[in-house]
Amino acid sequence: DLLVDLKKGKRGAIAKAITIVENDQKDKETIKEESIPKFIFIRADRANHKILIDDILSVEGKKDYVKLQLDSKSYLVRKNLKTFLMDLPSSKFARISKSVAVNLEKISKIEKNIVYLNSEDYHVISKNYVNDINDLLTK
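For the sequence shown, the working numbering puts the final residue at 139, and the numbers step up evenly by one.
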């Protein structure tokens with residue numbers, strides 16, 4: 001019906017088509033927001049822990065383990081960094097060196113090649129990742 005109305009040039013048909021396209025766009029944005037997980041479960045200290053993704057400051061690789069640094073606590077999880085980062089949303093986390101990834105929302109400042117996450121936590125950005133981090137933050 002809408003296509004026929006558009007071909008005939010009926011009033012309101014274009015406005016109706018625009019409304020349909022806008023609503024479809026809003027639905028796609030809602031789906032994208034919902035597809036980003038809010039939390040993950042990790043196995044540490046012989047128990048499963050529910051961790052809110054927004055609480056994670058950094059993830060540090062230590063051979064077959066990763067140290068998950070939160071605001072108040074840290075966990076040691078038996079996974080390598082590459083595998084663990086697959087469980088996290090790539091839009092929120094970025095690698096800053098071969099063995100460290102940080103939550104982009106938790107960065108308080110960057111001085112030269114040092115990322116400060118809060119008053120006491122900081123990590124050095126390796127030279128291989130400096131350009132990637134600068135590009136990511138200027139977008």
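Think of the CB as a built atom: it goes at the ideal place given N, C-alpha and C, for glycine as much as any other residue. Everything numeric in this text was worked out from a predicted model, so none of it was measured.
Inter-residue CB distance, residue i and residue j (contact presumed, cutoff 8 Å)
i: K92; j: N103; result: 6 Å
i: E60; j: S90; result: Actually they are not in contact, since the Cβ atoms of E60 and S90 sit about 18 Å apart, beyond 8 Å.
Own chain partners of residue i with C-beta closer than 8 Å, once the 5 adjacent residues on each side are dropped
i: N118; result: L57, D71, K106 and S108
i: I183; result: Look at the range of the chain in this structure, 1 to 139, and you will see that residue 183 is not part of it.
Close-in-space but distant-in-sequence residues of the same chain around residue i (CB under 7 Å, 5 per side omitted)
i: Y129; result: R95, I96 and S97
i: V115; result: I96, V102, I107, Y122, H123 and I125
i: D55; result: L70 and D71
i: K67; result: E60, S74 and L76
i: N113; result: V124, I125 and V130
Buried or exposed (CB count within 10 angstroms, at least 16 for buried), residue i
i: L136; result: exposed
i: A47; result: exposed
i: L76; result: exposed
i: I133; result: buried
From the options, residue whose alpha carbon lies closest to that of residue i
i: F39; options: D45, I53 and A101; result: I53
i: K82; options: S74, K127 and Y65; result: Y65
Continuous alpha helix (DSSP H) stretch holding residue i: start and end
i: I133; result: V130 to T138
i: L85; result: L81 to M86
Contact set for residue i: own chain, Cβ-Cβ below 6 Å, skip 5 residues either direction
i: H49; result: I42
i: D87; result: I40
i: P78; result: Per the sequence presented here, residue 78 reads as Arg, with Pro not at that position. Counting only Cβ-Cβ distances below 6 Å, and skipping sequence neighbours, we find Y65.
i: I36; result: P89
Residue range of the unbroken beta strand (DSSP E) whose run includes residue i
i: I114; result: I114 to Y116
i: S74; result: S74 to V77
i: E60; result: I56 to K62
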